[in-house]
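Trainee: I have a structure I would like to understand better, so I am pasting it below and will then ask my questions one at a time.
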C-alpha cells in the first residue's frame with residue numbers, strides 16, 4: 205500500500221526556519237518525481253517545489269525561490285523541504301505528493317508563521 | 013507560469029443530476045513527450061486532495077465511472093453524470109506539463 209506521511213510542521217516566528225519531511229513506503233521511491241503542494245487556510249492549492257527521481261532537477265514557485273530547498277534521500281525513502289526566512293504568507297498546510305500526476309498525497313502538516 | 017481558470021466557482025446540484033466543471037489553461041498543456049498533463053482532483057472537507065482523473069480522461073484506480081474528463085489543448089471539462097452525496101467538496105484542475113504544477117481556483121460542489 206502506498207503511504208506518504210508528512211511531518212515537521214509547527215509554529216515558527218517570521219524569519220525563522222523549519223524542515224518538513226515526507227516518509228514514503230509501499231513503492232519504489234527512486235522511480236518517482238516528488239512534490240510539495242501547500243494550501244493556505246481557506247484557500248486553494250499551490251505547487252511549491254518539485255524534484256526529479258534522481259534529485260538532479262528541482263523547480264520552485266517564484267514566491268519561495270532562494271528561501272526554500274527541496275531535497276530527497278532515496279536510500280531513506282524520504283522527501284524534505286527546508287524552509288528559511290519564513291513569512292506570514294507561508295502559513296499553510298503542506299502536502300507531499302507522488303509523481304507528475306500526484307496520484308498519492310500525504311495527510312499534510314500545518315506550518316504557522318506568526319509572532 | 014501557466015494560469016488555470018475554472019468555471020463555475022460554485023455549483024449547487026440536485027442529487028442524481030449531472031454536474032460539469034470547465035477549466036481553461038493560459039497555454040497549451042501538450043508536453044514535448046506528447047502527453048497532456050491535465051488532472052482533476054477532489055478535496056472533501058478536512059481531507060487531502062484525491063486524484064480523480066489524469067491526462068485529461070484517465071480515471072484513477074477506484075474512482076467511480078460517473079466521473080469523466082474530456083478536452084484538448086487548453087480547454088478541459090470534468091463531468092459527474094449523477095451527483096451523489098459523497099461528491100460534495102471542492103474540485104481542482106491541475107496542470108503538470110510545466111513545473112511547478114499550477115491549479116485552478118477550485119469549484120465548490122454542494123447539494124441544493
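Chains as they are written, first to last, in this note's numbering: chain A, 205 to 319; chain B, 13 to 124.
Cβ coordinates follow ideal geometry from the N, Cα and C atoms, glycine included.
(1) Are the beta-carbon atoms of residue 69 of chain B and residue 81 of chain B separated by less than 8 Å?
(2) Could you tell me the distance, in whole angstroms, from the CA atom of residue 66 of chain B to the CA atom of residue 26 of chain B?
(3) Starting from residue 277 of chain A, trace the beta strand (DSSP E) in both directions and tell me its first and last residue.
(4) Residue 258 of chain A by DSSP, collapsed to three states: which one?
(5) Kindly indicate if chain A contains any beta-carbon less than 8 Å away from that of residue 44 of chain B.
(6) Between residue 154 of chain B and residue 24 of chain B, how many whole angstroms is the CB-CB distance? I'm expecting something under 8 Å.
(7) Taking 7 Å as the line, does the beta carbon of residue 49 of chain B fall inside it for any heavy atom of the ligand MN?
(8) At a CB-CB cut-off below 8 Å, which residues of chain B make contact with residue 311 of chain A?
(9) May I ask you to report which of helix, strand or coil DSSP gives residue 307 of chain A?
(10) Please confirm if residue 115 of chain B has its CB atom under 8 Å from at least one CB of chain A.
(11) What three-state label does DSSP hand residue 234 of chain A in the structure shown?
(12) Short check: CB of residue 210 of chain A to CB of residue 299 of chain A, under 8 Å?
(13) Use the C-beta contact count for residue 232 of chain A: other C-beta atoms within 10 angstroms, 16 or more gives buried, fewer gives exposed.
(14) Along chain A, which residues have their Cβ under 7 Å away from the Cβ of residue 57 of chain B?
(15) Taking Cβ-Cβ distances shorter than 7 Å, what residues in chain E pair up with residue 249 of chain A?
(16) Looking at the unbroken beta strand (DSSP E) that takes in residue 122 of chain B, where does it start and where does it end?
(17) Return no unless some Cβ of chain B is closer than 8 Å to the Cβ of residue 253 of chain A.
(18) Contact defined as beta carbons within less than 8 Å: I believe residue 271 of chain A pairs with residue 288 of chain A. What is the distance between those atoms, to the nearest angstrom?
(19) Between the alpha carbons of residue 243 of chain A and residue 106 of chain B, how many angstroms are there, rounded?
(20) Whole-angstrom Cβ separation of residue 111 of chain B and residue 254 of chain A, contact assumed at under 8 Å?
(21) Taking the beta carbon of residue 63 of chain B as the centre, do at least 16 other beta carbons fall within 10 Å, making it buried, or is it exposed?
Mentor: Reading from the atomic positions:
(1) Here residue 69 of chain B corresponds to residue number 57 of the second chain, with the count starting at 1. Here residue 81 of chain B corresponds to residue number 69 of the second chain, with the count starting at 1. Less than 8 Å divides the Cβ of residue 69 of chain B from the Cβ of residue 81 of chain B.
(2) Along the second chain, one-based indexing puts residue 66 of chain B at 54. Along the second chain, one-based indexing puts residue 26 of chain B at 14. So the two alpha carbons sit approximately 26 Å from each other.
(3) Sequence index remark: in the first chain, residue 277 of chain A carries index 73 (1-based). Where residue 277 of chain A is concerned, the enclosing beta strand (DSSP E) stretches over 272 to 277.
(4) Walking along the first chain from the start, residue 258 of chain A turns up at place 54. If DSSP states are grouped into helix, strand and coil, residue 258 of chain A belongs with coil.
(5) As a first step, residue 44 of chain B must be located in the second chain, where it is residue number 32. Output row for residue 44 of chain B: interface = no.
(6) Residue 154 of chain B is absent from the structure shown; chain B starts at 13 and stops at 124.
(7) Absent from the structure shown: the ligand MN. Ligands present: none.
(8) Working through the first chain from its first residue, we reach residue 311 of chain A at position 107. Those are 60, listed as they occur along chain B.
(9) If you number the first chain from 1, residue 307 of chain A lands on position 103. DSSP places residue 307 of chain A in the coil class of the three-state scheme, outside both helix and strand.
(10) Counted from its first residue, the second chain places residue 115 of chain B at position 103. It does; some Cβ of chain A falls within 8 Å.
(11) In the first chain, the residue the question calls residue 234 of chain A occupies position 30. Looking at residue 234 of chain A - three-state DSSP - the assignment turns out to be helix.
(12) Here residue 210 of chain A is taken as the residue at index 6 of the first chain, counted from 1. Here residue 299 of chain A is taken as the residue at index 95 of the first chain, counted from 1. In this structure, residue 299 of chain A lies closer than 8 Å to residue 210 of chain A by Cβ.
(13) Counting from one through the first chain, the residue named residue 232 of chain A turns up at place 28. So residue 232 of chain A counts as exposed.
(14) Position 45 of the second chain, counting from 1, holds the residue named residue 57 of chain B. In chain order: nothing, as chain A lies at least about 12 Å away.
(15) Of the chains in the structure shown, none is chain E; the protein chains are A and B.
(16) Residue 122 of chain B sits at position 110 when you count from the first residue of the second chain. Where residue 122 of chain B is concerned, the enclosing beta strand (DSSP E) stretches over 119 to 123.
(17) Position 49 of the first chain, counted from the first residue, corresponds to residue 253 of chain A. Output row for residue 253 of chain A: interface = yes.
(18) Taking the first residue of the first chain as position 1, residue 271 of chain A is located at position 67. Taking the first residue of the first chain as position 1, residue 288 of chain A is located at position 84. Yes, they are in contact, since the Cβ atoms of residue 271 of chain A and residue 288 of chain A sit about 5 Å apart, within 8 Å.
(19) As a first step, residue 243 of chain A must be located in the first chain, where it is residue number 39. As a first step, residue 106 of chain B must be located in the second chain, where it is residue number 94. Here the alpha carbon of residue 243 of chain A sits roughly 14 Å from the alpha carbon of residue 106 of chain B.
(20) Translated into the one-based positions of the second chain, residue 111 of chain B becomes position 99. Translated into the one-based positions of the first chain, residue 254 of chain A becomes position 50. So it is a contact: roughly 4 Å between Cβ atoms.
(21) Taking the first residue of the second chain as 1, we reach residue 63 of chain B at position 51. The residue is buried, with at least 16 neighbouring Cβ atoms inside 10 Å.
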